[in-house]
Each structure stands twice: as structure tokens, then as C-alpha cells.
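Visitor: Pasting a structure below so you can have a look.
Numbering (full-length UniProt numbering), first residue to last: 1 to 648.
This is how it looks when you write it as C-alpha cells:
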């Protein structure tokens with residue numbers, strides 16, 4: 001049995017009794033013999049010191065006392081015998097005593113308000129129990145706090161603090177490191193060390209992190225506290241047992257996490273959430289997850305204002321756009337942005353069956369309306385008014401107001417001032433004093449409408465560098481909501497005419513990238529008749545267009561370099577001919593050319609005065625009777641005379 005310290009078992013009626021096993025020390029069971037055996041402290045017995053056990057003889061003989069010795073917990077068997085000397089010390093075991101609230105990273109200089117709270121049964125002695133920090137990188141112990149001599153108060157909370165309320169013992173050693181790190185509750189007695197509880201906080205490479213607490217580490221919320229909910233409820237999984245909060249309660253029950261809605265924590269007439277610094281639980285759909293943003297994500301419940309929020313997450317959670325989740329975190333105000341921090345207890349319910357629709361609004365509303373912070377929105381029919389400013393930001397306007405577009409998302413769109421954007425979707429974020437839209441991917445930026453266009457080029461005359469032609473073209477699939485690049489097939493049908501060029505530049509009246517024309521690096525000739533939509537070879541290019549109408553113009557400019565002579569020249573390409581002869585002129589610069597043909601009698605029978613562009617030009621002379629003729633050429637300061645013959 002057991003009873004109050006200093007009392008006698010046969011005199012004090014408050015003693016409580018329980019069965020025990022014993023054996024004779026001398027091999028028989030006669031009366032008045034000394035016995036030794038084992039005793040198990042029952043679960044309802046108090047913690048503390050047990051000085052001896054007793055035997056009562058069968059014939060009501062004298063009490064015989066036998067000392068107990070050692071340290072342990074209830075529920076175990078402890079040997080005793082008359083020859084033992086010492087005291088048996090019963091302490092709480094793992095699961096009966098636990099770390100309940102950890103405030104190691106405070107907003108105050110030097111973390112002087114730090115504390116560690118232990119939860120356990122009232123009256124439980126803390127002898128041989130230590131609070132120890134364990135370095136997450138290397139595993140070395142530090143700041144060992146020995147709690148010998150203390151007991152758990154009647155309220156069940158024991159606080160070790162530096163400068164905090166309700167401290168049961170005061171020490172600055174309680175200012176433990178930020179994560180990834182660990183705090184353990186150890187029983188160190190009789191040469192043995194037993195881990196009673198352990199909390200790992202912060203995320204790191206667990207292949208090199210020597211100790212991660214129980215099962216999975218919890219978040220490292222600083223400056224904030226980690227609290228166990230409910231108090232003392234230890235499932236041996238830090239990630240499941242602990243929440244982050246800025247509402248600290250040393251020596252008191254932990255403040256509960258508030259179950260609310262995103263609208264409830266966002267709606268405010270002052271710009272500050274009514275739940276700031278509180279731990280909350282909300283459910284919503286991820287409108288921009290880790291598949292889009294780095295170190296953060298957005299969740300939303302319902303459509304429209306006040307229904308979205310930014311979640312700051314540097315703990316490696318895996319949530320993707322479209323997931324339905326329930327999440328706990330601390331409501332914080334960061335430079336005017338309401339956000340959830342220290343996210344924990346994330347339950348992923350799978351892909352949302354009814355995700356939020358973008359809230360259709362205007363640039364002016366985005367630019368000024370805090371109610372849209374964290375909300376998925378859409379702008380329709382806007383124009384790029386300002387290109388990248390060096391900070392990854394650009395602007396769009398609807399003609400009345402502008403707003404900023406940021407590049408935190410995962411899109412490849414390149415801006416050009418003046419481009420028309422049919423629709424622009426994204427979540428609204430507040431940073432550096434401005435509200436801005438964060439498009440998530442290329443699908444959020446719809447330029448113009450979806451079109452297809454085919455075009456056939458069949459010139460009916462010579463095409464030289466510098467010439468251009470505007471063909472007829474048509475648009476199909478007009479009015480789709482997404483943009484696809486369309487293809488233009490370029491075919492040059494020469495019909496026997498030479499084409500002197502090595503590249504083709506294409507300019508379209510409705511091209512989205514109107515400032516940057518498209519250049520063919522190669523093209524092909526067709527041998528079919530003009531204006532027949534068949535070809536032998538072709539090349540293709542693609543470009544986005546704004547097909548706001550059902551027609552558009554496309555102009556092809558043959559811009560390649562032709563062979564330009566470096567000096568004036570003239571020679572007969574055919575000096576004797578039946579039908580006529582030809583004179584090839586080399587003109588290095590634009591110049592007025594005078595050409596005269598003279599017969600043997602000195603009469604001028606042909607005359608040409610014209611201005612020629614740089615290049616090679618062939619002048620065919622025909623329709624003359626048989627005979628001997630001379631031509632006389634003057635081009636600027638260049639002069640030449642030569643003879644040719646016409647035969648019949």
C-alpha cells in the first residue's frame with residue numbers, strides 16, 4: 001500500500017492498498033520470515049518517492065519493512081528485499097508528460113520573452129527531467145535545463161521562462177534556436193536517458209538532419225509560438241499535434257485555432273484583418289499553387305471580393321492549382337498585405353469539383369480595391385500601355401484606367417506597347433504599395449481571337465527586291481476564346497518571270513506583334529499557272545493576330561539583296577541577231593540614262609531617256625530593218641558607243 005509521507009500504515013486510514021507478489025527469502029513460507037519480491041505502482045497512485053514496502057504476517061505478527069530503490073514510471077515492476085537500501089522514485093513516463101507550448105523565437109530583442117511550457121499530471125515530480133535543445137545540423141545538445149526539485153502544479157502547466165508571465169522557474173537558457181532544430185524532454189537517471197517527448201520544427205534536408213522530432217517536424221513559425229492542441233494531446237506526430245500562433249498563453253490553456261472562412265478573415269473596413277495574429281483554419285480552392293508560384297500560393301472560397309488570400313509558404317508543402325484544401329495558419333499583415341503564414345495541418349481533398357470563376361472587373365478596380373486582394377480576376381479588352389519596367393512589371397489600360405501586371409507567375413508572354421489583349425486573368429497581389437495582377441500561365445493572357453489564315457501568292461510579273469504585293473486572304477474560326485498561331489503558306493508562282501531576292505518580309509495590318517514583322521529565311525518557286533492554289537513546294541510561318549474583324553490584310557515585301565554593280569557598264573548580250581539585239585546595263589546608283597540608236601546614215605532611229613535604279617537592266621532593241629547600227633549611251637558621266645548588226 002501507499003500513504004502520506006511519515007505516516008504509519010497500520011495507523012493512517014488514508015492508506016490505499018493493492019496486491020503484490022512475494023517469495024520467501026529462505027525457501028519456505030512460514031510466518032515471520034523475511035520476504036523479497038516485486039511491486040507494481042498502480043496507474044492511480046501518485047508520482048513521487050516510495051520509501052519502503054511492507055509485509056504483514058499471517059498470525060498478525062509485527063510489520064516488516066523493506067526498502068525500495070531506483071527510478072521509474074508507474075506500471076512497471078520494482079524489486080524489493082530487506083537488504084535493499086534507498087528510495088524508489090516514480091516519475092511520469094513518455095506520453096504522461098509533454099512539451100505543450102514553445103515560444104523560442106519572439107519579436108523582442110534577444111528573445112527575452114521566450115518560454116517552454118510542459119503539460120503533465122498535477123504533482124508529478126520533475127526530478128531528473130531535462131529540457132534540451134538539439135542542433136538540427138549535427139545533433140549536438142545545447143542549453144540543458146535540469147528540472148530536478150520541481151513538480152507539475154495543480155493546473156497541469158509548468159513554465160520555464162526568461163521574462164514571461166506565470167514562470168515556475170526562470171532561466172535565459174530557454175531561448176532556443178530557430179529551425180530547423182529540435183527541443184526534447186529527457187529523463188536522465190541511473191545512467192540511462194529516456195526521451196519523454198520531442199518536437200522538431202522547420203524543414204530541412206532530412207538525409208542530413210540528424211533528428212526531426214516525432215514522425216514529422218512541424219513548422220518554424222517565428223516570430224510566433226508552437227502550441228499543442230488539445231493541451232497534452234500527444235499522438236507522437238509533431239506535424240499533426242502542433243499549430244502556429246502569435247497568441248501565447250504561458251501557464252494557461254492554449255488558445256484554440258479559429259475555424260472561419262476566407263471572407264470572414266479578409267473582410268474589413270480598416271484594411272486590417274479582424275483575425276490578425278490569430279491562428280485560423282479555412283477551406284478553399286488553390287487558384288495559384290506551387291506549380292505556378294515559388295514560396296507562396298493563393299486559395300479562394302466563393303467568387304468575387306474578399307474571398308481570396310495569399311499564403312506565404314516556405315515549408316515545402318505540395319499544393320497545386322485546382323486542389324481543394326483545408327489549412328491552418330497565422331493571419332498576418334505584411335506591409336499592407338493580409339496573408340496566412342506558417343501554414344500547417346494542410347488536408348488536400350483532391351481536385352475541386354467547382355473551382356472559383358474569375359471575377360470580371362476593370363483595371364481601375366484592381367488598382368484601388370483591397371477587396372480584390374488574393375482574388376482571381378479577369379480583365380477584358382485591354383491594351384498594353386507600358387512595357388517591362390526592370391522589375392518584371394508592365395501595365396494595361398482599358399482607355400480609362402491602368403493597373404500593374406507582375407511576372408511572378410509561370411508565363412512566357414513578351415509585352416509590346418500597343419498590343420491588344422482580349423482577356424487577362426490572374427490573382428491580385430499587394431506589394432510595394434500597389435495592387436497588381438499575377439497571371440499564372442500563358443493561358444491567362446489571351447491575345448486577340450483564335451484564327452486560321454491561308455494565303456497564295458501568284459504574281460503575274462517580275463518580282464524584284466523592294467517590290468511588294470498584297471494578296472487576298474481570309475479568316476476562319478473567328479471568335480474563339482483562345483489564341484492559336486496560324487499558318488501562312490507562301491508560294492511564288494513565277495510564270496516564267498525571274499524573282500531576284502533571297503528573303504521575304506511579311507507585314508500584317510492586324511498582327512498582334514505589328515511592330516515586328518515576320519521574315520522568311522527561305523521560300524520556294526511554283527511552276528503552275530498563276531492564281532491556281534496548288535504548289536510544288538512551300539514554307540510556312542506562324543504569328544498571333546487580333547482578328548476583331550473577319551478580314552485582314554497581309555503584305556509581302558521582297559526585301560532580299562539583289563546584285564548591285566560597283567561601276568557603270570554596258571555591253572551587248574547579243575551583237576548580231578535576226579529579231580534584234582540586247583544591251584545589258586550595269587547601274588551602281590540611281591541615275592538618268594540616255595540611250596540612242598543610230599544607223600549608217602547618222603540618223604537616230606531609237607531613243608530612250610529614263611531614270612534607272614541601281615542594279616542590272618537589259619534593253620532589248622528590235623523592229624529594225626537589216627543593217628549596221630551604233631548605240632550611244634550616257635549615264636551620268638559614263639559614256640559608251642558600240643556597233644551591232646541586224647540580219648534578216
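Cβ coordinates follow ideal geometry from the N, Cα and C atoms, glycine included.
1. CB residue 249 to CB residue 224, shorter than 8 Å?
2. Using the beta-carbon count (16 or more within 10 Å), is residue 286 buried or exposed?
3. Apart from the five residues just before and just after residue 216, which ones in its own chain have a Cβ nearer than 7 Å to its Cβ?
4. Would residue 381 be called buried (16 or more neighbouring beta carbons within 10 Å of its own) or exposed?
5. What span of residues does the alpha helix (DSSP H) with residue 261 cover, start to end?
6. Decide yes or no for the touch test of the region 378 to 395 against the region 327 to 337: beta carbon pairs closer than 8 Å, at least 3 of them.
7. Take residue 609 and list the residues in its own chain whose beta-carbon comes closer than 6 Å to its own, dropping the five residues that flank it on each side.
8. Can you give the Cα-Cα distance for residue 639 and residue 633, rounded to whole angstroms?
9. For residue 308 versus residue 409, is the C-beta spacing smaller than 8 Å?
10. Which partner residues of residue 197 appear in the DSSP bridge assignment?
11. By Cβ distance, which residues of its chain are closer than 6 Å to residue 253, with the 5 residues on each side in sequence left out?
12. What separation, rounded to the nearest whole angstrom, lies between the Cα atoms of residue 182 and residue 198?
13. Buried or exposed for residue 445, going by 16 or more other Cβ atoms inside 10 Å?
14. So residue 343 is in the beta strand (DSSP E); what residue range does that whole segment cover?
15. Can you tell me whether residue 127 is buried or exposed? The criterion is at least 16 other CB atoms within 10 Å of its CB, across all chains shown.
16. Alpha carbon to alpha carbon, how far is residue 288 from residue 322? Give it in angstroms, no decimals.
17. Along the chain, which unbroken stretches of the beta strand (DSSP E) at least 3 residues long are found entirely within the region 211 to 256?
18. What is the DSSP secondary structure of residue 363, reduced to helix, strand or coil?
19. Return the chain-ordered list of same chain residues with a C-beta closer than 8 Å to the C-beta of residue 603, the five sequence neighbours on each side being excluded.
20. Taking residue 339 and residue 315 to be in contact with their CB atoms under 8 Å, please state how far apart those CB atoms are, rounded to whole angstroms.
21. Do you know how far the Cα of residue 268 is from the Cα of residue 436?
22. Which partner residues does residue 617 have in the DSSP bridge list?
23. For residue 392, collect the residues of the same chain with a Cβ closer than 7 Å to its Cβ; drop the 5 residues on either side in sequence, then sort them by chain order.
24. Whole-angstrom Cβ separation of residue 584 and residue 611, contact assumed at under 8 Å?
25. Apply the 10 Å Cβ neighbour rule to residue 108 and answer buried if 16 or more other Cβ atoms are within range, or exposed otherwise.
26. In the DSSP assignment, what residue or residues form a beta bridge with residue 403?
27. Give the DSSP-derived three-state secondary structure of residue 422 in the structure shown.
28. Is residue 174 buried or exposed, if buried means 16 or more other CB atoms sit within 10 Å of its CB?
29. Kindly indicate which three-state DSSP category residue 323 falls into: helix, strand or coil?
30. Report the rounded CA-to-CA distance for residue 581 versus residue 621, giving the unit in angstroms.
31. Which residues in the same chain have their Cβ closer than 8 Å to the Cβ of residue 156, if we skip the five residues on either side of it in sequence?
32. With a threshold of 8 Å, are at least 3 pairs of Cβ atoms found where one atom belongs to the region 410 to 419 and the other to the region 358 to 373?
33. What residue range is occupied by the uninterrupted beta strand (DSSP E) comprising residue 174?
34. On a CA-only basis, which of 221, 599, 624 and 148 is nearest residue 642? Give me that one, please.
Guide: Concretely, from the data shown:
1. No.
2. With 16 or more Cβ atoms within 10 Å of its Cβ, residue 286 is classed as buried.
3. Correct list, in chain order: 237, 238 and 239.
4. In this structure residue 381 is exposed. Its beta-carbon is surrounded by fewer than 16 other beta-carbon atoms within 10 angstroms.
5. Per DSSP, residue 261 belongs to no alpha helix (DSSP H) and is neither H nor E.
6. No, the region 378 to 395 does not touch the region 327 to 337.
7. Taking residue 609 as the centre and dropping the five residues before and after it, the same chain places the C-beta of 594 closer than 6 Å to its C-beta, in chain order.
8. Using only the alpha carbons, I get a separation of about 5 Å.
9. Their beta carbons are not under 8 Å apart, which means residue 308 does not touch residue 409 by this criterion.
10. Looking at the DSSP output, residue 197 bridges to 185.
11. Hits under 6 Å: 231.
12. Approximately 7 Å, taken between the alpha carbons.
13. Counting Cβ neighbours within 10 Å, residue 445 comes out buried, since at least 16 surround it.
14. Judged by DSSP secondary structure, residue 343 falls within the beta strand (DSSP E) whose first and last residues are 337 to 351.
15. The residue is buried, with at least 16 neighbouring Cβ atoms inside 10 Å.
16. So the two alpha carbons sit approximately 8 Å from each other.
17. Within the region 211 to 256, the complete beta strand (DSSP E) runs of at least 3 residues are 224 to 228 and 242 to 245.
18. If DSSP states are grouped into helix, strand and coil, residue 363 belongs with the helices.
19. Here the set comprises nothing.
20. That belief does not hold up - the Cβ atoms of residue 339 and residue 315 are roughly 14 Å apart, past 8 Å.
21. Roughly 20 Å separates the two Cα atoms.
22. BP columns for residue 617 point to 585.
23. Short of 7 Å from the beta carbon of residue 392, and not among the five residues preceding or following it, lie these beta carbons of its own chain, in chain order: 406 and 407.
24. The Cβ separation is near 18 Å, so there is no contact.
25. Exposed is the call here.
26. 396.
27. In the structure shown, residue 422 sits in a strand (DSSP, three-state: E or B).
28. Answer is buried; the Cβ neighbour count reaches 16.
29. Residue 323: strand per DSSP, three-state reduction.
30. Residue 581 and residue 621 have their C-alpha atoms roughly 5 Å apart.
31. Non-local beta-carbon contacts of residue 156 in its own chain, meaning distances under 8 Å to residues more than five positions away in sequence, involve 119, 120, 121, 122, 231 and 232 in chain order.
32. These segments do not touch.
33. If you look at residue 174, you'll find it isn't in any beta strand (DSSP E); DSSP assigns it neither H nor E.
34. It is 599.
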